[in-house]
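Participant:
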Amino acid sequence: SPHCLLHARSMQRRQREVATYSPDGASSAHMAPDARHMLSPRDALASACLGCELLAIGGHDGSNYIASCEVYSASTPGHGRFPRWTWIPSLSASRAFHAATTA
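Under UniProt numbering, the first residue of the sequence shown carries the number 1, and numbering increases by one thereafter.
(1) Who are Ser-94's beta bridge partners in DSSP?
(2) If you count every other CB in all the chains shown that lies within 10 Å of the CB of Trp-85, and 16 or more means buried, which is it?
(3) Are the CB atoms of Ala-93 and Ile-57 nearer to each other than 8 Å?
(4) Pull up the CB-CB distance for Cys-69 and Leu-55, whole angstroms please, since I reckon it's below 8 Å.
(5) Measure the alpha-carbon distance for residue 118 versus His-98 and round it to whole angstroms.
(6) What residues are listed by DSSP as bridge partners for Cys-52?
(7) Contact defined as beta carbons within less than 8 Å: I believe Ala-44 pairs with Gly-62. What is the distance between those atoms, to the nearest angstrom?
(8) Excluding the 5 residues flanking Pro-2 on each side, which residues of the same chain have their C-beta closer than 8 Å to its C-beta?
(9) Express the C-alpha separation of Ala-67 and Ala-46 in angstroms, rounding to a whole number.
(10) Whole angstroms are fine: how far does the CA of Ala-96 sit from the CA of Ile-88?
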(Lines of atoms letter the chains of each structure in order from A and count residues from 1; the text may use other names and numbers.)
(Lines give C-alpha, C1' and ligand atoms only; values in the text may rest on other atoms or scores of the structure.)
Protein backbone atom coordinates (compact mmCIF):
# COMPACT_ATOMS: atom_id res chain seq x y z
CA SER A 1 0.00 0.00 0.00
CA PRO A 2 1.25 3.55 -0.68
CA HIS A 3 2.92 5.59 2.03
CA CYS A 4 3.63 9.26 1.77
CA LEU A 5 4.36 12.45 3.64
CA LEU A 6 3.02 15.91 2.83
CA HIS A 7 5.08 19.00 3.62
CA ALA A 8 3.53 22.46 3.31
CA ARG A 9 5.44 24.69 5.71
CA SER A 10 7.45 27.86 5.48
CA MET A 11 8.76 30.00 8.31
CA GLN A 12 7.96 33.19 6.36
CA ARG A 13 4.47 32.50 5.02
CA ARG A 14 1.76 29.89 4.65
CA GLN A 15 2.24 27.61 1.69
CA ARG A 16 0.06 26.34 -1.10
CA GLU A 17 2.94 24.44 -2.67
CA VAL A 18 3.52 20.94 -1.38
CA ALA A 19 6.36 18.48 -1.49
CA THR A 20 5.81 14.79 -0.98
CA TYR A 21 8.03 11.91 0.00
CA SER A 22 7.48 8.21 -0.30
CA PRO A 23 9.76 5.42 0.90
CA ASP A 24 10.06 3.98 -2.62
CA GLY A 25 11.98 7.10 -3.69
CA ALA A 26 9.16 8.86 -5.54
CA SER A 27 8.81 12.58 -4.89
CA SER A 28 6.54 15.44 -5.84
CA ALA A 29 7.81 14.95 -9.40
CA HIS A 30 5.07 12.32 -9.81
CA MET A 31 2.41 14.99 -9.10
CA ALA A 32 1.05 16.95 -12.04
CA PRO A 33 2.74 20.40 -12.02
CA ASP A 34 -0.55 22.24 -11.52
CA ALA A 35 -1.50 19.85 -8.69
CA ARG A 36 1.48 20.76 -6.51
CA HIS A 37 -0.50 23.71 -5.13
CA MET A 38 -3.25 23.20 -2.58
CA LEU A 39 -6.38 25.30 -2.94
CA SER A 40 -5.80 27.11 0.36
CA PRO A 41 -2.47 28.25 1.85
CA ARG A 42 -1.98 26.66 5.26
CA ASP A 43 0.54 25.42 7.75
CA ALA A 44 0.24 23.38 10.96
CA LEU A 45 -2.12 21.03 9.08
CA ALA A 46 -2.63 17.31 9.48
CA SER A 47 -2.14 15.11 6.45
CA ALA A 48 -2.73 11.47 5.68
CA CYS A 49 -2.64 9.11 2.72
CA LEU A 50 -5.73 7.10 2.02
CA GLY A 51 -5.15 4.76 -0.91
CA CYS A 52 -4.20 6.99 -3.84
CA GLU A 53 -5.50 10.12 -2.13
CA LEU A 54 -3.61 12.63 -0.02
CA LEU A 55 -5.65 14.52 2.58
CA ALA A 56 -4.83 18.03 3.85
CA ILE A 57 -6.84 18.63 7.02
CA GLY A 58 -7.35 21.94 8.81
CA GLY A 59 -4.33 24.05 9.75
CA HIS A 60 -3.56 27.74 10.15
CA ASP A 61 -3.93 30.37 7.41
CA GLY A 62 -1.70 33.00 9.00
CA SER A 63 -4.48 34.60 11.00
CA ASN A 64 -6.84 31.85 12.11
CA TYR A 65 -7.16 28.15 12.69
CA ILE A 66 -9.11 26.69 9.77
CA ALA A 67 -11.53 23.79 9.37
CA SER A 68 -11.30 23.41 5.59
CA CYS A 69 -10.03 20.16 4.10
CA GLU A 70 -8.73 19.20 0.66
CA VAL A 71 -7.89 15.96 -1.07
CA TYR A 72 -5.35 15.30 -3.81
CA SER A 73 -6.61 12.45 -5.97
CA ALA A 74 -3.95 10.76 -8.04
CA SER A 75 -4.85 9.56 -11.49
CA THR A 76 -6.74 6.30 -11.22
CA PRO A 77 -7.17 4.56 -14.59
CA GLY A 78 -10.75 3.53 -15.20
CA HIS A 79 -12.16 5.74 -12.46
CA GLY A 80 -12.37 9.02 -14.39
CA ARG A 81 -10.20 10.95 -11.92
CA PHE A 82 -7.41 13.31 -12.69
CA PRO A 83 -4.59 14.47 -10.47
CA ARG A 84 -5.84 17.59 -8.71
CA TRP A 85 -6.79 19.11 -5.36
CA THR A 86 -10.50 19.36 -4.55
CA TRP A 87 -12.44 20.54 -1.52
CA ILE A 88 -13.93 17.92 0.79
CA PRO A 89 -16.23 18.50 3.80
CA SER A 90 -14.70 20.68 6.50
CA LEU A 91 -14.01 19.64 10.07
CA SER A 92 -16.75 20.42 12.60
CA ALA A 93 -14.30 22.75 14.38
CA SER A 94 -11.23 24.67 13.25
CA ARG A 95 -7.94 23.17 14.37
CA ALA A 96 -4.20 23.27 13.77
CA PHE A 97 -1.11 21.51 15.15
CA HIS A 98 -3.05 18.24 15.12
CA ALA A 99 -2.37 14.80 13.64
CA ALA A 100 -4.08 12.31 11.35
CA THR A 101 -3.41 8.70 10.48
CA THR A 102 -4.97 5.89 8.49
CA ALA A 103 -4.97 2.19 9.19
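Quick reminder that beta carbons are idealized off the backbone N, C-alpha and C, glycines included.
Facilitator: Here's the rundown:
(1) Partner(s): none; Ser-94 has no beta bridge.
(2) buried
(3) no
(4) 7 Å
(5) The chain is shown from 1 up to 103; residue 118 falls before or after that span and cannot be answered.
(6) Looking at the DSSP assignment, Cys-52 forms no beta bridge with any residue, so it has no partner.
(7) Contact flag wrong, Cβ pair sits at about 10 Å.
(8) Because the pLDDT of Pro-2 is 48, which lies under 50, any placement of that residue in the model is unreliable, and the question is left without a value.
(9) 11 Å
(10) 17 Å
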